[in-house]
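Under the working numbering, the final residue of the sequence shown carries the number 801; numbering is consecutive throughout. A short write-up of the structure that comes next.
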Amino acid sequence: MDIKQYAHENHVPIMLDDGLAFLLNYIKEHDIKTILEIGTAIGYSSMQIAKLNKNIKIDTLEINPEMYELALKNIQEAKLEKQISCHLIDALDFVSDSQYDLVFVDGAKGKYRRYLEHFLPNSKLFIFDNLEFHGIVDNPELTNNRNTKSLVKKIRTFRDEILKDPNFKCEYHKNVGDGILVLKTNQY
614 MDIKQYAHEN HVPIMLDDGL AFLLNYIKEH DIKTILEIGT AIGYSSMQIA
664 KLNKNIKIDT LEINPEMYEL ALKNIQEAKL EKQISCHLID ALDFVSDSQY
714 DLVFVDGAKG KYRRYLEHFL PNSKLFIFDN LEFHGIVDNP ELTNNRNTKS
764 LVKKIRTFRD EILKDPNFKC EYHKNVGDGI LVLKTNQY
């Protein structure tokens with residue numbers, strides 16, 4: 614079974630096709646070679662990124678041990694373990710002196726602001742996925758789930774605040790994937 618089919622059948626969240634296409638194109642156009650990914654899941658996006666160029670190196674962080682093990686297996690089967698290093702750790706506990714060309718954030722949505730602050734010393738460029746969260750961020754009436762309502766409120770607060778923050782240059786692509794934000798520090 615292919616990894617994308619597995620994700621669909623097992624309800625593992627992976628990037629939407631047009632969001633992934635946007636990310637891959639951005640990486641190619643900007644000659645990005647070093648990436649920190651927050652939220653490995655089963656390794657789908659990091660594997661797609663690594664296939665772009667054999668010189669790309671990715672550190673990817675996953676908190677869920679089962680997902681981590683599955684990602685390791687998928688990466689090894691694809692023979693991409695020289696390019697992709699998986700770390701079983703909460704992203705906020707990961708500390709590195711490395712400088713990354715890009716930090717790609719697709720982890721716990723309610724922690725996006727904390728991820729940004731934590732990894733600012735490591736990169737001047739961030740891409741965040743899921744800022745629309747299936748259209749619920751701008752239309753919270755689409756759900757009756759209290760936890761989901763709380764989550765989308767956090768996403769909306771992060772998105773609205775970051776778009777107004779003079780310390781960052783942002784491009785928000787509302788209709789790409791599930792809402793993608795490209796954020797550059799003013800030092801970029």
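In this text, a Cβ means the ideal position worked out from N, Cα and C, and glycines have one as well.
- Query: Does the count of Cβ pairs from the region 650-659 and the region 704-723 closer than 8 Å reach three?
  - Reply: Taking 8 Å as the limit for Cβ pairs, the verdict is that the region 704-723 does touch the region 650-659.
- Simplified DSSP assignment, three categories, for T653: Note: T653 maps to coil in three-state DSSP.
- From L701, G632 and N668, pick the residue whose C-alpha is nearest to that of F741; which is it? Comparing Cα positions, the closest option is G632.
- Query: Taking buried to mean at least 16 other C-beta atoms within 10 Å of its own C-beta, is G748 buried or exposed?
  - Reply: Exposed is the label assigned to G748, since fewer than 16 other Cβ atoms lie within 10 Å of its Cβ.
- In whole angstroms, what is the alpha-carbon distance linking K722 and K767? Looking at the two C-alpha atoms, the distance is approximately 8 Å.
- Item | Euclidean distance between Cα positions of L649 and N677 | Rounded to whole angstroms, L649 to N677 spans 17 Å at the Cα level.
- Query: Is it right to say V750 is buried, meaning 16 or more other beta carbons lie within 10 angstroms of its own, or is it exposed?
  - Reply: By the 16-neighbour rule on beta-carbons within 10 angstroms, V750 is buried.
- By the 10 Å Cβ neighbour count, where 16 or more other Cβ atoms means buried, how is E784 classified, buried or exposed? Burial check for E784: the Cβ neighbour count within 10 Å stays below 16, so the residue is exposed.
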